[in-house]
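Asks: Numbering-wise (this note's numbering), the sequence shown opens with residue 4 and increments by one. Just dropping this structure here.
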Amino acid sequence: MDTQLNEEDKTTLLQWIGVEAPLSLLYKMSRDGCNPWTFHTKCDCKGPTITVMYNGNNTVYGGYTSQNWNSSSNGYFAWDQRAFLFKLRYNGKSVAKKYPIKADKCGYAIYCRNNYGPSFGESHDLPYFEKDISASNGVYQLNRCNYGNDSTTYIMGGDEEEAIYNNEASVRDLEYCQELKEYVQNFCPYEKTSVDKAKILLLGEVGSGKSSFFNTVNSIFAGFVTFQAISGSAQKSLTNTFRTYHIRDGKAGKMLNFKLCDTKGLEKEGGIDPHDFLYILDGNMPDKHMLNPDLPLSPETQGFVKSPSAKDKIHLVAIVIDATIVDVMTEESIETIKSFQKKLYQRGMISL
Ligand SMILES: Nc1nc2c(ncn2[C@@H]2O[C@H](COP(=O)(O)OP(=O)(O)O)[C@@H](O)[C@H]2O)c(=O)[nH]1
Ligand SMILES: [Mg+2]
């Protein structure tokens, strides 16, 4: 039996979730092993995710949650009114069926615990695992659902409880996929800070793709191709200003909770000035400031932000590297990136 989703399955799942974006695979039992530790290492704090199980009866089923999985040692139920269970194939036949969560049971959508794999519902509405399991003839024997005296957490719509998983708790595979676009859409900075939008600075060599990266992200959320940031091939940066870009979710949608900052590259001649870089990090540089290597920003420059707040500062620096030249990057280029990284560490900042 095929243990991967076909295009029809993927389209059905994405329609149910209400988004259009590729799914990325975070965990696959037959590849990564069946143990709770590996599951949590690969899957915790990834935002909305889909768990898909493939059993020996050619039945494909699973669950969706918009909440994070977590490795709590005490265990807790996460509240999720958008969670649902589903069945895609039954005895090899396509059956697309969705089982929404009961309105009065949203507080029991998923169970997060460090020694459990994914578990849906108050009494494990789907088969689950709570220890390391070795495959026997390519099959992992999971624990059966455990309804006890409780009713199910999800609406069965006339189906018997066992009908989702075809009364067969063992699985040939379990996959865990992330819906990246939705994760980015729902991103929020840590709520205990005064920062409502994270400011992310893109830093890298000329031509590494900083401006294009912003254009790509912006296009994905706009729903059409946009070229707001100037990009293209040249020896020197085509980007000559410091720009802070908001990203809107759809044409008339709300702004996302992060901003991408674009600037010149790290080229030796005429690249970003190290003092200007520190002013960017500290939030002193105004948006649309023209970067001139002969005239770096100073407190006397018009528009200089004299008392930047936490919102004005850069919160994360993403170092952008052109993957096609990573093997042939010069020592000099690597040293330049490292010297800028050092400035970040001195400020206690993170770079990715
Ligand atoms: N094939 C390909 N080309 C890219 C990608 N990102 C950027 N480019 C091209 O690389 C060139 C430089 O990109 P740009 O975004 O201006 O780089 P920047 O100087 O870092 O802002 C442009 O011609 C882009 O079209 C990518 O992911 N794939
Ligand atoms: Mg650029």
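No residue lacks a Cβ here, since even glycine has one placed at the ideal position from N, Cα and C.
(1) Across which residues does DSSP place Thr-68 in a beta bridge pair?
(2) DSSP on Asp-176, reduced to helix/strand/coil?
(3) Check this for me: beta carbons of Met-32 and Leu-129, under 8 Å apart or not?
(4) Hey, Phe-132 and Cys-46: beta-carbon distance below 8 Å or not?
(5) Looking only at C-alpha atoms, which of Trp-40, Ser-75, Ala-172 sits nearest to Tyr-64?
(6) Is Val-320 buried or exposed, if buried means 16 or more other CB atoms sit within 10 Å of its CB?
(7) Over the uninterrupted alpha helix (DSSP H) stretch that includes Thr-244, give me the two end residues.
(8) Going by DSSP, what residue range makes up the alpha helix (DSSP H) through Lys-213?
(9) Roughly how many angstroms separate the alpha carbons of Val-187 and Ala-86, rounded to a whole number?
(10) If you draw a straight line from the C-alpha of Ser-354 to the C-alpha of Asn-218, how long is it?
(11) Since Pro-277 is in the alpha helix (DSSP H), which residue starts that stretch and which ends it?
(12) Among the residues of its own chain, which have a CB less than 6 Å from the CB of Lys-90, if the five just before and after it don't count?
(13) On the three-pair Cβ rule with 8 Å, is the region 137-151 touching the region 71-86?
(14) Should Glu-23 be labelled buried (16 or more other beta-carbon atoms within 10 Å of its own) or exposed?
(15) What's the gap between the Cα of Asn-170 and the Cα of Gly-235?
(16) Quick test of your reading: Pro-51 and Gly-120, contact by CB under 8 Å. State the CB separation rounded to the nearest angstrom.
(17) Taking 7 Å as the limit between beta carbons, can you name the residues of its chain near Gly-95, skipping five residues before and five after?
(18) Is it the case that the CB of Leu-241 approaches a heavy atom of ligand 1 more closely than 7 Å?
(19) Note down the Cα distance separating Thr-229 from Arg-246, rounded to an integer number of angstroms.
Replies: Taking the geometry as given:
(1) Taking the first residue of the sequence shown as 1, we reach residue 68 at position 65. According to DSSP, Thr-68 bridges with Thr-52.
(2) Indexing the sequence shown from 1 puts residue 176 at position 173. Looking at Asp-176 - three-state DSSP - the assignment turns out to be strand.
(3) In the sequence shown, residue 32 corresponds to position 29, counting from 1. In the sequence shown, residue 129 corresponds to position 126, counting from 1. Their beta carbons are not under 8 Å apart, which means Met-32 does not touch Leu-129 by this criterion.
(4) Translated into the one-based positions of the sequence shown, residue 132 becomes position 129. Translated into the one-based positions of the sequence shown, residue 46 becomes position 43. In this structure, Cys-46 does not lie closer than 8 Å to Phe-132 by Cβ.
(5) Here the question's residue 64 lines up with position 61 in the sequence shown. When only C-alpha atoms are compared, the closest one is Ala-172.
(6) By one-based count along the sequence shown, residue 320 stands at place 317. Buried, since its Cβ has 16 or more Cβ neighbours within 10 Å.
(7) Walking along the sequence shown from the start, residue 244 turns up at place 241. Unbroken run through Thr-244 is the beta strand (DSSP E), 244-251; no alpha helix (DSSP H).
(8) The sequence position of residue 213 within the sequence shown is 210, counting from 1. It spans 213-225 - the alpha helix (DSSP H) in which Lys-213 sits, taken as one unbroken run.
(9) Here residue 187 is taken as the residue at index 184 of the sequence shown, counted from 1. Here residue 86 is taken as the residue at index 83 of the sequence shown, counted from 1. If I take the Cα positions, the gap works out to 18 Å.
(10) The residue labelled residue 354 in the question sits at position 351 within the sequence shown. The residue labelled residue 218 in the question sits at position 215 within the sequence shown. Near 21 Å, if we compare the C-alpha coordinates of Asn-218 and Ser-354.
(11) For this step, residue 277 is matched to residue 274 along the sequence shown. Here the alpha helix (DSSP H) through Pro-277 covers 277-285.
(12) Numbered from its first residue, the sequence shown carries residue 90 at position 87. If we look at Lys-90 and ignore the five residues flanking it on each side, its Cβ neighbours are Tyr-64, Val-98, Lys-100, Ile-167.
(13) no
(14) As a first step, residue 23 is located in the sequence shown; it is residue number 20 there, counting from the start. Exposed, because fewer than 16 other Cβ atoms sit within 10 Å of the Cβ of Glu-23.
(15) What you label residue 170 is simply residue 167 of the sequence shown in a count that begins at 1. What you label residue 235 is simply residue 232 of the sequence shown in a count that begins at 1. Distance between the alpha carbons of Asn-170 and Gly-235 is about 57 Å.
(16) As a working note, residue 51 is residue 48 in the sequence shown. As a working note, residue 120 is residue 117 in the sequence shown. Between Gly-120 and Pro-51 the Cβ distance is about 18 Å, and since that is not below 8 Å, they are no contact.
(17) For the purposes of this step, residue 95 is taken as the residue at position 92 of the sequence shown. Excluding sequence neighbours, Gly-95 sits near Asn-61.
(18) As a working note, residue 241 is residue 238 in the sequence shown. Under cutoff, so the answer is yes.
(19) Residue mapping note: residue 229 aligns to position 226 of the sequence shown, counting from 1. Residue mapping note: residue 246 aligns to position 243 of the sequence shown, counting from 1. Near 16 Å, if we compare the C-alpha coordinates of Arg-246 and Thr-229.
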